[in-house]
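Residue numbers for the sequence shown, in the working numbering: 17 to 677.
All C-beta atoms, glycine included, are put in the ideal place defined by N, C-alpha and C.
Below: one structure, written as structure tokens.
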Amino acid sequence: GSRISADAKGDTAGSGFPSSIYAGGSHGGVGLNNTATSTYGSAKQPTTLGSAGGAPHAIGGGAIRLVVSGSLVNSGVISADGNTSSSGGSIYATVADMSGSGTFHANGGALGSGGYFSGPGGGGRVAVYYQTSSFVGTIEALGGCGSYDGWSQTCAEKGTAGLFDTTNNNFSTGSSWRFQVNDGASSFNSVTLSNGSIVTMDEGITINANELQSNGASLALSNGSSITVSTFIANGGTVTFSGGETFAVNTLTLSNNATITVAQERILSLSVTNLTVDAGSSISVNYKGYGQSAGPGAGSSNAGASHGGVGLWNTASSTYGSMREPTEMGSGGNGYNPRGGGAVRIIVSGSLVNNGSIVAMGENTSSGGSIYVTTNSLSGTGEFRADGGTVYCPNSCVGAGAGGRIAVYYQTSTFSGTALASGPSTSYGKAEDGTVVVEEIVTTPPPPPLSSARAINTFLFLIGTSTVSGIVDETAHTVSITVPFGTDVSALSPLVAVSSLATSSPASAVVQDFTNPVIYTVTAEDGSTQEYTATVIIASDTVAPTITTYTFNETAGDITIDFATTTSVSFSLTASENVDWVSIKIEDQNTPDNYKIFFSSVGCVDGTATCAKSWDGALSSGGMTAPNGTYRIKAHIRDMAGNIYQEYLLPYIITVNTTLP
């Protein structure tokens with residue numbers, strides 16, 4: 017068929033050229049026996065040449081850049097392969113519409129055997145961008161392979177080969193891919209990994225997607241990497257956690273014998289909204305715990321390791337970890353390179369459906385690990401297992417490992433599967449079972465938040481038999497209250513009602529001096545405060561003064577006098593309050609024009625409540641001495657507020673009788 021080829025058009029050395037003649041060249045993947053850091057170039061925009069390997073006449077694959085504004089029909093071959101022991105090159109294509117059943121490949125060269133073996137070359141890089149596609153061919157960047165012994169195949173690492181749907185912002189690979197830091201963060205609508213593809217992530221890389229579907233692929237997460245995905249479907253294959261990544265997923269589904277696991281001696285942590293483990297699939301930290309003879313529960317040379325229970329022939333004090341919140345890994349036994357079970361922590365805020373396996377098994381002679389699950393809803397018929405490993409008897413026997421620890425907490429459950437942390441039974445004896453807690457979470461409603469209400473609701477005084485209420489301004493945070501004239505404001509005890517659960521300072525009913533405004537601080541239950549300024553206003557005097565007592569010639573009541581024998585009349589009166597103006601009029605009851613008026617002066621001083629005067633008997637009209645008759649007294653006073661009292665003093669009659677004996 018037809019082809020576009022850049023095979024063996026790359027470097028005769030290059031950035032991935034090995035230091036040893038026995039190694040393959042690297043590019044997108046590591047050449048066999050080359051160093052792990054020997055890869056180079058961009059996965060998303062590959063333009064670098066492949067590197068030569070250690071074989072004679074080795075040449076890396078070249079580089080192809082295709083830009084097709086219309087239709088690319090590839091039913092042939094577009095390639096940039098390396099030759100013997102050399103790495104594949106680059107293919108970088110941008111097309112509008114793609115179709116066909118051909119291949120794009122930038123494969124590494126095979127094992128070199130010209131007098132010595134030179135490792136096969138690593139895969140190159142392929143990135144194809146399209147707007148529409150019906151292409152059904154293959155895109156790959158395989159590592160070269162070969163046989164050192166004539167029957168077994170040994171291959172170099174695959175490179176990177178990916179398809180980018182620019183219309184829908186989708187990414188897919190059916191071969192291999194590496195999300196690299198030098199390519200920056202990746203954000204897609206969907207990511208599809210298929211056909212047993214091998215996908216890895218650099219430390220610190222970030223991937224965001226609405227959906228990630230792994231169909232039989234192998235996905236490895238690195239320390240410091242981050243995946244944020246709404247829906248993650250592992251349909252077969254394996255997802256390997258590093259134990260140091262960020263994994264933010266709403267819905268996680270494992271089906272078709274898919275497995276999630278973790279790196280050795282690292283805790284697997286999953287926090288998702290919904291988790292489904294289908295039959296045949298598993299979350300497995302089997303044999304991911306401490307290595308041989310290591311860990312808190314490791315025993316003497318022939319003892320099985322302990323954890324939740326005591327390993328066979330181990331000491332009674334060798335158990336460790338928490339029964340209710342288990343997070344410890346299982347300990348390694350003394351068999352043949354055995355490892356304890358690992359530790360997994362799973363938090364599911366929604367639904368956990370386990371029809372498969374969530375397991376932390378120990379290898380031979382090693383103890384089971386830890387499974388710690390918290391979920392809202394639990395269902396399924398699967399298993400939770402943290403069993404210890406069996407005895408190991410190559411010559412003398414090493415005891416079986418004890419069971420680990422399982423704690424599963426739920427709010428609702430229809431789960432009908434099993435939860436076991438068994439210590440194996442053997443003909444030499446039984447290792448102890450570990451601990452299993454499967455328990456409903458009894459939720460106590462959280463206490464209500466502390467109240468922040470901090471208002472003055474009412475502010476009032478009880479004055480005499482009256483209740484005087486203040487006006488509370490919540491905008492200005494003031495209280496104004498008007499009290500009757502004459503109230504002593506230096507010693508008032510207001511009744512202060514504040515918001516529920518709040519307090520006031522000063523407290524209610526505590527005497528205060530309101531000569532000046534008083535600050536009231538209201539403290540809410542949560543400790544927040546609000547100050548109010550309380551001001552007392554004394555009402556104006558609107559009540560006219562009155563005469564409370566009065567006498568004439570030291571007599572209270574009507575009197576009869578004879579000016580022939582009495583030359584003067586003395587009188588005194590007391591007002592109900594201090595006055596600033598007084599006039600006293602004595603007039604003839606029958607002849608009102610005969611009168612005498614006394615004004616404020618000596619003996620009758622403004623600003624006091626008393627007045628005392630004497631009268632020689634003469635009336636002002638004509639200066640005549642008062643004749644016989646009846647006289648009355650009219651008081652005219654004004655208080656300090658201007659209120660006026662003007663009345664005849666009753667019953668007070670002065671009778672002048674000059675004919676008295």
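Next item on the list: Could you tell me the distance, in whole angstroms, from the CA atom of S386 to the CA atom of G445?
Entry: Here residue 386 refers to the residue found at position 370 when the sequence shown is read from its first residue. Here residue 445 refers to the residue found at position 429 when the sequence shown is read from its first residue. Roughly 24 Å separates the two Cα atoms.
Next item on the list: With DSSP collapsed to three states, give me the class of D97.
Entry: Locating residue 97 in the sequence shown gives position 81, where the first residue counts as 1. In the structure shown, D97 sits in coil (DSSP, three-state: anything other than H, G, I, E or B).
Margin query: With DSSP as the reference, identify every bridge partner of I387, one or two as the case may be.
Written below: The residue given as residue 387 occupies position 371 in the sequence shown. Per DSSP, V360, I422.
Margin query: Taking contact to mean 3 or more Cβ pairs, one atom from each stretch, closer than 8 Å, check whether the segment 482 to 493 and the segment 412 to 430 are in contact.
Written below: Flag = no, the segment 482 to 493 and the segment 412 to 430 do not touch.
Check: Residues bridged to R141 by DSSP?
Finding: Locating residue 141 in the sequence shown gives position 125, counting from the first residue. Partner(s): S106, T176.
Next item on the list: With DSSP as the reference, label D604 as helix, strand or coil.
Entry: Locating residue 604 in the sequence shown gives position 588, counting from the first residue. Looking at D604 - three-state DSSP - the assignment turns out to be strand.
Check: Does DSSP put V245 in a helix, a strand or coil?
Finding: Taking the first residue of the sequence shown as position 1, residue 245 is located at position 229. Three-state result, V245: strand.
Item checked: Element boundaries [beta strand (DSSP E), containing N224] -> For this step, residue 224 is matched to residue 208 along the sequence shown. Boundaries of the beta strand (DSSP E) harbouring N224: 222 to 231, taken from the DSSP string.
Next item on the list: Would you give the residue range spanned by the beta strand (DSSP E) that S373 belongs to?
Entry: Translated into the one-based positions of the sequence shown, residue 373 becomes position 357. Run containing S373: 373 to 375, per the beta strand (DSSP E) assignment.
Check: Roughly how many angstroms lie between the CA atoms of S395 and S367, to the nearest whole one?
Finding: The count along the sequence shown starts at 1 and reaches residue 395 at position 379. The count along the sequence shown starts at 1 and reaches residue 367 at position 351. Going by C-alpha positions, S395 is about 8 Å away from S367.
Next item on the list: To the nearest angstrom, report how far apart Y566 and I535 are at their CA atoms.
Entry: Numbered from 1 along the sequence shown, position 550 holds the residue referred to as residue 566. Numbered from 1 along the sequence shown, position 519 holds the residue referred to as residue 535. Going by the C-alpha atoms only, they are around 47 Å apart.
Checklist line | Buried or exposed by the 16-neighbour rule on C-beta atoms within 10 Å, applied to A555 | finding: Here the question's residue 555 lines up with position 539 in the sequence shown. Its Cβ having fewer than 16 others within 10 Å, A555 is exposed.
Check: Mind checking whether G16 and G98 have CB atoms under 8 Å apart?
Finding: Given a span of 17 to 677 for the chain in the structure shown, any question on residue 16 remains unanswerable.
Margin query: Beta-carbon within less than 8 Å of Y164's beta-carbon, same chain only, minus the 5 sequence neighbours each way: which residues are those?
Written below: Translated into the one-based positions of the sequence shown, residue 164 becomes position 148. Cβ neighbours of Y164 beyond the five flanking positions: L127, F133, T170.
Notebook entry, point to check: What residue from G212, T63, T343 has the CA that sits closest to L158's CA?
Noted result: Here residue 158 refers to the residue found at position 142 of the sequence shown. The candidate whose alpha carbon is nearest that of L158 is G212.
Notebook entry, point to check: If we count the other Cβ atoms within 10 Å of its Cβ and call it buried at 16 or more, is K25 buried or exposed?
Noted result: Indexing the sequence shown from 1 puts residue 25 at position 9. K25 is buried by the Cβ-count criterion.
Next item on the list: Go through its chain and collect everything with a Cβ distance to T564's Cβ below 6 Å, but skip five positions before and after it.
Entry: As a position in the sequence shown, residue 564 is number 548, starting the count at 1. Contacts found: T590, S592.
Next item on the list: Check the DSSP bridge columns for T646 and list the partner residues they point to.
Entry: Reading the sequence shown from its first residue, position 630 is the one you call residue 646. Its beta-bridge partners are T671.
Notebook entry, point to check: What residues in its chain sit with their C-beta under 6 Å from that of L48, if we drop five residues either side in the sequence?
Noted result: The residue given as residue 48 occupies position 32 in the sequence shown. Closer than 6 Å at the Cβ level, and outside the excluded window around L48, lie G40, G135, P136, A172.
Note to self: Whether or not the segment 400 to 409 and the segment 322 to 340 are in contact is what I'm after, with contact meaning three or more pairs of Cβ atoms, one per stretch, closer than 8 Å; do they touch?
What the structure shows: Three or more beta-carbon pairs drawn from the segment 322 to 340 and the segment 400 to 409 are found closer than 8 Å, and the two stretches are therefore classed as touching.
Notebook entry, point to check: Going by C-alpha distance, which of T222, N198, G44, T391 is nearest L291?
Noted result: Counting from one through the sequence shown, the residue named residue 291 turns up at place 275. For L291, the nearest C-alpha among the options comes from T391.
Margin query: Among T269, I249, D504, T275, whose alpha-carbon lies nearest the alpha-carbon of F257?
Written below: On the sequence shown, residue 257 is found 241 positions in, with the first residue counted as 1. Cα-wise, what sits closest to F257 is T275.
Notebook entry, point to check: Which word fits S680, buried or exposed, when buried means at least 16 other C-beta atoms lie within 10 angstroms of its C-beta?
Noted result: It is not possible to answer for residue 680, since the shown part of the chain is limited to 17 through 677.
Notebook entry, point to check: For N50, which of helix, strand or coil comes out of DSSP?
Noted result: As a first step, residue 50 must be located in the sequence shown, where it is residue number 34. Reduced to three states, the DSSP call for N50 is coil.
Notebook entry, point to check: Taking buried to mean at least 16 other C-beta atoms within 10 Å of its own C-beta, is G638 buried or exposed?
Noted result: On the sequence shown, position 622 is the one that residue 638 refers to. Interpretation of G638 is limited by its pLDDT of 44, a score under 50 that renders its predicted location unreliable; the figure taken from the coordinates is listed afterwards. The Cβ neighbour count for G638, taken over all protein chains shown within 10 Å, is under 16; the residue is labelled exposed.
Margin query: What does the Cβ neighbour count give for N5, buried or exposed, with the cut at 16 atoms within 10 Å?
Written below: Coverage of the chain is limited to positions 17 through 677, which leaves residue 5 absent and any answer about it impossible.
Margin query: Are the CB atoms of G104 and G140 within a distance shorter than 8 Å?
Written below: What you label residue 140 is simply residue 124 of the sequence shown in a count that begins at 1. What you label residue 104 is simply residue 88 of the sequence shown in a count that begins at 1. Contact flag set, yes.
Checklist line | Length at least 3, wholly inside the segment 269 to 357: the beta strand (DSSP E) runs in chain order | finding: DSSP runs (the beta strand (DSSP E)) wholly in the segment 269 to 357: 275 to 278, 284 to 293, 298 to 300.
Notebook entry, point to check: Relative to the C-alpha of I299, which residue among G398, T247, Q308 is closest?
Noted result: For the purposes of this step, residue 299 is taken as residue 283 along the sequence shown, with counting starting at 1. Ranked by how close their Cα comes to the Cα of I299, the residues G398, T247, Q308 have G398 in first place.
Notebook entry, point to check: If you drop the 5 nearest sequence neighbours on each side, which residues of the same chain put their C-beta closer than 6 Å to that of N3?
Noted result: The structure shown does not extend to residue 3, since the chain is modelled only from 17 to 677, so the question has no answer here.
Notebook entry, point to check: For S637, which of helix, strand or coil comes out of DSSP?
Noted result: If you number the sequence shown from 1, residue 637 lands on position 621. The pLDDT assigned to S637 is 47, lower than 50, so where the model puts this residue is not dependable; a value taken from the coordinates is nonetheless given after this. When secondary structure is reduced to three states using DSSP, S637 falls in the coil class, being assigned neither helix nor strand.
Item checked: Strand pairing of Q61, partner residues [DSSP] -> Taking the first residue of the sequence shown as 1, we reach residue 61 at position 45. Answer by DSSP bridge pairing: none, since Q61 is not bridged.
Checklist line | Status (buried if at least 16 other CB within 10 Å, exposed otherwise) for L666 | finding: Against the sequence shown, residue 666 aligns to sequence position 650. Flag for L666 reads exposed.
Item checked: At least 3 beta-carbon pairs within less than 8 Å: the segment 300 to 312 vs the segment 356 to 366 -> Because the criterion of three Cβ pairs below 8 Å is met, the segment 300 to 312 and the segment 356 to 366 touch.
Notebook entry, point to check: What residues match up with W597 in a beta bridge as DSSP calls it?
Noted result: Working through the sequence shown from its first residue, we reach residue 597 at position 581. DSSP, once it has assigned bridges, lists R654 as partnering W597.
Margin query: Is it buried or exposed, Q196, if we count other Cβ atoms within 10 angstroms and call 16 or more buried?
Written below: Locating residue 196 in the sequence shown gives position 180, where the first residue counts as 1. When all chains shown are included, Q196 counts as buried.
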